[in-house]
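Worksheet: one structure, shown below.
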Amino acid sequence: TQFYSNEFYRSILADNVFGESFLTAEWMYSSLSEVKNVDLTIIALGYFKAVEQLMHDYIVLHSDEDRKIKKMSYIQNKPPKIFLNKNSIERKMINFMLDSMITFFDDYHDLFDKELGDSDIEYIIQQLDKLKSLRNEYFHKDNINELDTITKARNQAILVISLLLGCLYFRT
-6 TQFYSNEFYR SILADNVFGE SFLTAEWMYS SLSEVKNVDL TIIALGYFKA VEQLMHDYIV
54 LHSDEDRKIK KMSYIQNKPP KIFLNKNSIE RKMINFMLDS MITFFDDYHD LFDKELGDSD
114 IEYIIQQLDK LKSLRNEYFH KDNINELDTI TKARNQAILV ISLLLGCLYF RT
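Counted from 1, the sequence shown has number 20 at position 27 by the numbering used here; the numbering is strictly sequential.
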(Lines of atoms letter the chains of each structure in order from A and count residues from 1; the text may use other names and numbers.)
(Lines give C-alpha, C1' and ligand atoms only; values in the text may rest on other atoms or scores of the structure.)
Protein backbone atom coordinates (compact mmCIF):
# COMPACT_ATOMS: atom_id res chain seq x y z
CA THR A 1 0.00 0.00 0.00
CA GLN A 2 0.96 3.64 -0.29
CA PHE A 3 1.50 3.71 3.48
CA TYR A 4 4.80 1.90 2.84
CA SER A 5 5.42 2.11 -0.90
CA ASN A 6 4.98 5.90 -1.01
CA GLU A 7 6.39 6.29 2.51
CA PHE A 8 3.22 7.94 3.83
CA TYR A 9 4.18 6.66 7.28
CA ARG A 10 6.75 9.48 7.30
CA SER A 11 3.93 12.03 7.61
CA ILE A 12 3.48 10.86 11.20
CA LEU A 13 6.98 12.19 11.86
CA ALA A 14 6.71 15.24 9.62
CA ASP A 15 6.30 18.86 10.63
CA ASN A 16 2.49 19.00 10.70
CA VAL A 17 -0.14 19.38 13.38
CA PHE A 18 -1.39 15.80 13.39
CA GLY A 19 2.18 14.43 13.55
CA GLU A 20 2.97 16.77 16.43
CA SER A 21 -0.14 15.65 18.34
CA PHE A 22 0.62 12.00 17.69
CA LEU A 23 4.27 12.26 18.74
CA THR A 24 3.31 14.21 21.86
CA ALA A 25 0.81 11.50 22.79
CA GLU A 26 3.47 8.83 22.18
CA TRP A 27 5.95 10.70 24.38
CA MET A 28 3.37 11.07 27.14
CA TYR A 29 2.37 7.41 26.82
CA SER A 30 5.95 6.23 27.27
CA SER A 31 6.75 8.82 29.97
CA LEU A 32 3.65 8.33 32.13
CA SER A 33 2.97 4.62 31.70
CA GLU A 34 4.25 3.75 35.19
CA VAL A 35 2.61 6.53 37.22
CA LYS A 36 -0.17 5.86 39.70
CA ASN A 37 -3.12 8.03 40.81
CA VAL A 38 -2.83 10.37 37.83
CA ASP A 39 -5.50 11.24 35.28
CA LEU A 40 -4.17 9.86 31.99
CA THR A 41 -7.03 11.23 29.87
CA ILE A 42 -4.75 13.81 28.25
CA ILE A 43 -2.77 11.01 26.59
CA ALA A 44 -5.83 9.51 24.91
CA LEU A 45 -6.91 13.01 23.92
CA GLY A 46 -3.63 13.46 22.04
CA TYR A 47 -4.26 10.31 20.00
CA PHE A 48 -7.85 11.25 19.21
CA LYS A 49 -6.81 14.79 18.34
CA ALA A 50 -4.15 13.50 15.92
CA VAL A 51 -6.77 11.45 14.05
CA GLU A 52 -9.19 14.37 13.91
CA GLN A 53 -6.46 16.72 12.65
CA LEU A 54 -5.50 14.26 9.91
CA MET A 55 -9.13 13.90 8.85
CA HIS A 56 -9.65 17.68 8.91
CA ASP A 57 -6.57 18.38 6.81
CA TYR A 58 -7.55 15.74 4.26
CA ILE A 59 -11.11 17.05 3.98
CA VAL A 60 -9.86 20.61 3.47
CA LEU A 61 -7.72 19.34 0.58
CA HIS A 62 -11.01 18.46 -1.13
CA SER A 63 -12.68 21.84 -0.85
CA ASP A 64 -14.13 23.36 -4.01
CA GLU A 65 -14.86 19.92 -5.47
CA ASP A 66 -18.65 20.17 -5.36
CA ARG A 67 -18.88 18.11 -2.15
CA LYS A 68 -21.14 18.76 0.81
CA ILE A 69 -20.50 18.38 4.53
CA LYS A 70 -22.52 18.98 7.68
CA LYS A 71 -22.74 22.62 8.66
CA MET A 72 -22.43 24.08 12.13
CA SER A 73 -25.63 23.82 14.14
CA TYR A 74 -25.85 27.59 14.74
CA ILE A 75 -26.59 28.07 11.03
CA GLN A 76 -30.37 27.77 11.10
CA ASN A 77 -31.42 27.49 7.47
CA LYS A 78 -31.85 24.12 5.81
CA PRO A 79 -30.51 21.81 4.40
CA PRO A 80 -28.19 20.34 7.07
CA LYS A 81 -25.23 20.15 4.68
CA ILE A 82 -23.43 22.90 2.78
CA PHE A 83 -20.81 22.96 0.07
CA LEU A 84 -17.28 22.42 1.24
CA ASN A 85 -15.39 25.38 -0.18
CA LYS A 86 -12.85 27.97 0.86
CA ASN A 87 -15.56 30.47 1.72
CA SER A 88 -17.51 28.11 4.00
CA ILE A 89 -14.25 27.05 5.68
CA GLU A 90 -13.03 30.63 6.21
CA ARG A 91 -16.42 31.67 7.57
CA LYS A 92 -16.29 28.70 9.99
CA MET A 93 -19.57 27.30 8.72
CA ILE A 94 -18.31 23.70 8.45
CA ASN A 95 -18.89 21.20 11.23
CA PHE A 96 -15.47 19.62 11.65
CA MET A 97 -16.52 17.49 14.61
CA LEU A 98 -15.57 13.83 14.43
CA ASP A 99 -19.06 12.57 13.62
CA SER A 100 -19.42 15.02 10.74
CA MET A 101 -16.03 14.07 9.30
CA ILE A 102 -16.84 10.35 9.52
CA THR A 103 -20.10 11.02 7.66
CA PHE A 104 -18.15 12.94 5.01
CA PHE A 105 -15.88 9.94 4.38
CA ASP A 106 -18.88 7.61 4.35
CA ASP A 107 -20.65 9.86 1.82
CA TYR A 108 -17.68 10.05 -0.56
CA HIS A 109 -16.20 6.62 -1.13
CA ASP A 110 -14.36 8.03 -4.17
CA LEU A 111 -11.91 9.60 -1.69
CA PHE A 112 -10.52 6.13 -1.07
CA ASP A 113 -8.08 4.22 -3.24
CA LYS A 114 -9.83 2.80 -6.29
CA GLU A 115 -8.61 -0.72 -5.50
CA LEU A 116 -10.73 -0.84 -2.33
CA GLY A 117 -14.14 -2.45 -2.38
CA ASP A 118 -17.21 -1.24 -0.52
CA SER A 119 -16.61 -3.76 2.27
CA ASP A 120 -13.07 -2.40 2.75
CA ILE A 121 -14.36 1.15 3.00
CA GLU A 122 -17.12 0.09 5.39
CA TYR A 123 -14.46 -1.52 7.58
CA ILE A 124 -12.59 1.79 7.71
CA ILE A 125 -15.79 3.65 8.58
CA GLN A 126 -16.48 1.07 11.33
CA GLN A 127 -13.02 1.67 12.76
CA LEU A 128 -13.62 5.42 12.72
CA ASP A 129 -16.93 4.84 14.53
CA LYS A 130 -15.15 2.65 17.07
CA LEU A 131 -12.66 5.45 17.70
CA LYS A 132 -15.56 7.90 18.12
CA SER A 133 -17.21 5.59 20.65
CA LEU A 134 -14.00 5.27 22.65
CA ARG A 135 -13.58 9.03 22.59
CA ASN A 136 -17.15 9.75 23.65
CA GLU A 137 -17.10 7.10 26.36
CA TYR A 138 -14.36 8.82 28.36
CA PHE A 139 -14.30 12.53 27.72
CA HIS A 140 -17.46 13.77 29.30
CA LYS A 141 -17.30 12.82 32.94
CA ASP A 142 -14.64 10.27 33.84
CA ASN A 143 -10.92 10.35 34.45
CA ILE A 144 -8.88 7.62 32.84
CA ASN A 145 -6.52 6.10 35.41
CA GLU A 146 -5.91 2.73 33.78
CA LEU A 147 -3.12 2.35 31.25
CA ASP A 148 -5.12 -0.45 29.57
CA THR A 149 -7.77 2.10 28.55
CA ILE A 150 -5.12 4.43 27.16
CA THR A 151 -3.58 1.51 25.28
CA LYS A 152 -6.97 0.71 23.68
CA ALA A 153 -7.29 4.35 22.55
CA ARG A 154 -3.68 4.34 21.30
CA ASN A 155 -4.09 1.12 19.35
CA GLN A 156 -7.33 2.30 17.76
CA ALA A 157 -5.78 5.65 16.79
CA ILE A 158 -2.74 3.94 15.26
CA LEU A 159 -5.01 1.60 13.31
CA VAL A 160 -7.16 4.47 12.02
CA ILE A 161 -4.15 6.64 11.08
CA SER A 162 -2.61 3.68 9.23
CA LEU A 163 -5.88 2.96 7.42
CA LEU A 164 -6.39 6.58 6.41
CA LEU A 165 -2.84 7.10 5.21
CA GLY A 166 -2.84 3.74 3.45
CA CYS A 167 -6.30 3.80 1.91
CA LEU A 168 -7.25 7.39 1.09
CA TYR A 169 -6.56 8.61 -2.41
CA PHE A 170 -3.86 11.29 -2.53
CA ARG A 171 -3.20 13.26 -5.67
CA THR A 172 0.47 13.38 -6.55
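Using N, Cα and C, we set each Cβ at its ideal position, and we do this for glycine too.
With fewer than 16 other Cβ atoms from the protein chains shown falling within 10 Å of its own Cβ, Lys71 counts as exposed.
With fewer than 16 other Cβ atoms from the protein chains shown falling within 10 Å of its own Cβ, Gln119 counts as exposed. Partner residues in the beta bridge of Leu161, as assigned by DSSP, are Phe105. Around the Cβ of Gly110, a 10 Å sphere holds fewer than 16 other Cβ atoms; the residue is exposed. In the three-state reduction of the DSSP assignment, Ile151 falls in the helix class, which pools H, G and I.
Inter-residue distance for Ser155 and Leu124 is about 13 Å (C-alpha atoms, whole angstroms). By the neighbour-count definition (other C-beta atoms within 10 Å, threshold 16), Lys107 is an exposed residue.
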